[in-house]
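See below for the structure under consideration.
There are 2 protein chains.
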Amino acid sequence: MELRLTPKQLAQATGVSESSIKRWCDLGEIATIRTPGGHRRIPLSGAIEFLRGSEHELIAPEALGLPAGTRRRSPPLDNAAELFRIALEANQEDRARQILFELYLKPTPLATIGDRIIGPAFQSIGHRWEAGTLEVFQERRALEITRNLLHEIRLAQRPPVRSDPGAIGGTLSGDNYALAAILVELVLRESGWRAEFLGSNLPVQTMAMALRAEQPKLCWLSVSHVESETQFLSDYGQLSSASGDQTALVVGGRGLHGRLRQAMRFSAYCETLEHLETFAKTLKAAHASTAASRD
Amino acid sequence: MELRLTPKQLAQATGVSESSIKRWCDLGEIATIRTPGGHRRIPLSGAIEFLRGSEHELIAPEALGLPAGTRRRSPPLDNAAELFRIALEANQEDRARQILFELYLKPTPLATIGDRIIGPAFQSIGHRWEAGTLEVFQERRALEITRNLLHEIRLAQRPPVRSDPGAIGGTLSGDNYALAAILVELVLRESGWRAEFLGSNLPVQTMAMALRAEQPKLCWLSVSHVESETQFLSDYGQLSSASGDQTALVVGGRGLHGRLRQAMRFSAYCETLEHLETFAKTLKAAHASTAASRD
DNA sequence: AGTAAAAACGTTCAAATCGTGCAATTTATG
DNA sequence: CATAAATTGCACGATTTGAACGTTTTTACT
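As they're listed, the protein sequences go chains A and B.
Heads up, my numbering is the position in the first sequence plus 8, with the first residue counted as 1.
Heads up, my numbering is the position in the second sequence plus 8, with the first residue counted as 1.
Dropping the structure here:
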């Protein structure tokens, strides 16, 4: 992927004239930096941000390092989930990348991509695995591919700045399912958080230590699988007491049935990534206003 | 003594050409001092001033945040390992990216990067974790960062073509350490293999199934940790019998002490990635010649 | 200290980009 | 429909950039 684009490159990728790109750069519609000599340079994240916020077609995706065939107009969501699953099962990394980036450029919020595409795709893969029509290694390989693609989207996002509120999260010991927690990181970043995925299978002590060390405004815990409920509740208790008043504790995941949730204290339980996004935006706005009133 | 940068280093940190940096130095845009021999040296303060003034955001902002006391510049490999470790521990993703890509573009073979940079860095991180000077979450976060960076390198590699010999690999159940296996994938790809990392923590049955389904010319197994030796040997036996004559079984990793190795049958045991690379190249050449003689 | 490899020097030059003005096209409005 | 306003695309000389190349300095190693 190109890290920096010249106006000409972005012009070729979008099919508009170089003059227009330059004008939009000057009007602030495209995030631009200047070389000391005065030449414009457009970070890839700025170009993608521009594409997501405009109706411009993408006629030469390869100029941005995206797979050829990536369009702005793409199949509807429900269809895309199926196509994505098929691409993953057939080990077609490029096709999967194309589908995700098409949606991302549309622009579809990442929370929606997670809830309506990636989630259903893996749910379906899980069913087919239980039914014996899919091998475990195919599911694992699909996870690897998706994880890598999510990192590519992460690279295309506006990088967080110091003034963004901090957030950390991951999964606890015994839970190896990192994908959901990584999706949370991306969704939070899209909502203006300085979010950091710490890892999966984390001992609770180290997560508590991370909370104390980094004092984030938010901490998310993705729970896909609970081996021992008592063990989990004990772990969660430690986490809960380690998070002070300043840290919102957000939980979610298949592993949390109602009975379990009732024994937990949290700031929010999110059924979907879209819920999470709403909550995160509200919380961020609240922090921003208190910070403003303090000035 | 203040840290000094060469024009090349600043060029790599900012993503512009070395020529431009030199020109800007001469125009006074960047505060520069000269060595007795006439080489430009840019003090940290000058570089920061330049970056602030020109709003020329860094590809690698932390490139300039080097800890004091490292007087050497972009120096030999062992030093790079140390710098890489420091960047990882301090959660400086950009700095870590710069170090790895600088080496990769040099070009340093990926096997060497793995053996001399990434390996030692995590060995050192492990020691510091055992000694209690580093938290677990810092190690995990370092793993996440490195894993993502390796994927970025993967994107920069020549994509495999159908005619390349196939290879699959991963780690078995109980072994969550994916990094080494991912490195193997990259090294094999660099050597012209169509290598695919299937995942970590793989049940042996599914790995055997993958062997039968894909009929690769090579299968690698990374073993960082063995919980039960008998269990492992049993698993390995299954794998060994699933791999026919056409598949070379390659093993490696800290977890394989001599006693264990003696009870295993394999095509190659690789102490280092460099060994692996040599073996893979030899094997590929052998396959190419038999294929040629068949035509 | 001596040597060979690596890195940086200064210079040159083609290609790319700059800013600007203007014509062509689209959109809004009476 | 006619007119004004706004947007888009092109042209042009001046400036900037990045790559090449032979020479000199620095570094790594014996």
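For each residue, glycine too, the CB sits at the ideal point set by N, CA and C.
Only a predicted model underlies this, so the values are computations on that prediction, with no experimental measurement involved.
Whole-angstrom distance between residue j and residue i, CA atom to CA atom
i	j	result
Lys292(A)	Thr43(B)	50 angstroms
Gly200(B)	Thr255(A)	49 angstroms
Pro168(B)	Arg149(A)	17 angstroms
Asp34(A)	Ser53(A)	17 angstroms
Glu110(B)	Gln270(A)	52 angstroms
Val195(B)	Ser297(A)	51 angstroms
Arg124(A)	Gln131(A)	11 angstroms
Val212(A)	Gly174(A)	19 angstroms
Ala89(A)	Glu198(A)	21 angstroms
Asn209(B)	Val144(A)	11 angstroms
Glu37(A)	Leu257(B)	55 angstroms
Gly263(B)	Gln246(B)	19 angstroms
Gln165(A)	Val24(B)	22 angstroms
Leu229(A)	Ser242(A)	14 angstroms
Ser181(B)	Gln20(A)	48 angstroms
Ile50(B)	Glu26(B)	13 angstroms
Glu65(B)	Leu18(B)	For Glu65(B), the predicted model reports a pLDDT of 47, less than 50, meaning its position is unreliable; a value from the coordinates is still stated below. Roughly 12 angstroms separates the two Cα atoms.
Glu152(B)	Leu206(A)	7 angstroms
Lys289(A)	Leu226(A)	12 angstroms
Ser248(B)	Glu222(B)	15 angstroms
Thr120(A)	Met272(A)	27 angstroms
Thr280(A)	Arg220(B)	38 angstroms
Pro128(A)	Glu282(A)	14 angstroms
Asp183(B)	Arg155(A)	19 angstroms
Glu237(A)	Arg267(A)	10 angstroms
Pro115(B)	Gly122(B)	13 angstroms
Ser232(B)	Ala55(B)	42 angstroms
Beta carbon proximity, residue i to chain B, threshold 9 angstroms
i	result
His159(A)	yes
Pro44(A)	yes
Arg262(A)	no
Ala19(A)	no
Leu191(A)	no
Leu196(A)	no
Leu11(A)	yes
Asn156(A)	yes
Asn184(A)	yes
Ala87(A)	In the sequence as displayed, the identity of residue 87(A) is Asn instead of Ala. By this cut-off, Asn87(A) is not an interface position.
Beta carbon proximity, residue i to chain A, threshold 9 angstroms
i	result
Glu152(B)	yes
Glu57(B)	no
Arg166(B)	no
Leu206(B)	yes
Leu180(B)	no
Ala247(B)	Here residue 247(B) is Leu; the residue named in the question, Ala, does not match the sequence. Not an interface residue.
Trp4(B)	For residue 4(B) there is no data in the structure shown, the boundaries of chain B being 9 and 303.
Ser251(B)	no
Val169(B)	no
Ser28(B)	yes
Glu37(B)	yes
Leu163(B)	yes
Gly174(B)	no
Ser82(B)	Note that Ser82(B) has pLDDT 36, beneath the 50 cutoff, so the model's placement of it is unreliable and the number below is only indicative. No, Ser82(B) does not count as interfacial toward chain A.
Val24(B)	yes
Item to check | Interface residues of the region 210-236 of chain B facing chain A [CB-CB below 8 angstroms] | outcome: Leu210, Pro211, Gln213, Thr214, Met215, Met217, Ala218 and Ala221
Item to check | Cβ-based contacts, 7 angstroms cut-off: residues of the region 121-150 of chain B near chain A | outcome: Glu143, Val144, Phe145, Arg148 and Arg149
Checklist entry - What residue ranges within the region 188-228 of chain A form continuous alpha helix (DSSP H) runs of no fewer than 4 residues, ordered along the chain? => result 212-222
Item to check | Inter-stretch contact (C-beta, 8 angstroms, three-pair minimum) for the region 201-220 of chain B and the region 158-178 of chain B | outcome: yes
Checklist entry - Touching or not, the region 96-110 of chain A and the region 63-75 of chain A, by the rule of three or more beta carbon pairs under 8 angstroms? => result yes
Checklist entry - Is it true that the region 134-143 of chain A meets the region 14-28 of chain B, where meeting means three or more beta-carbon pairs spaced less than 8 angstroms apart? => result no
Next on the checklist: At 4 residues or longer, what runs of the alpha helix (DSSP H) sit wholly inside the region 21-61 of chain A?
Outcome noted: 26-34 and 52-61
Checklist entry - Along the chain, which unbroken stretches of the alpha helix (DSSP H) at least 4 residues long are found entirely within the region 245-291 of chain B? => result 266-270
Item to check | Completely contained beta strand (DSSP E) runs for the region 119-194 of chain A, where each covers 3 or more residues | outcome: 174-180
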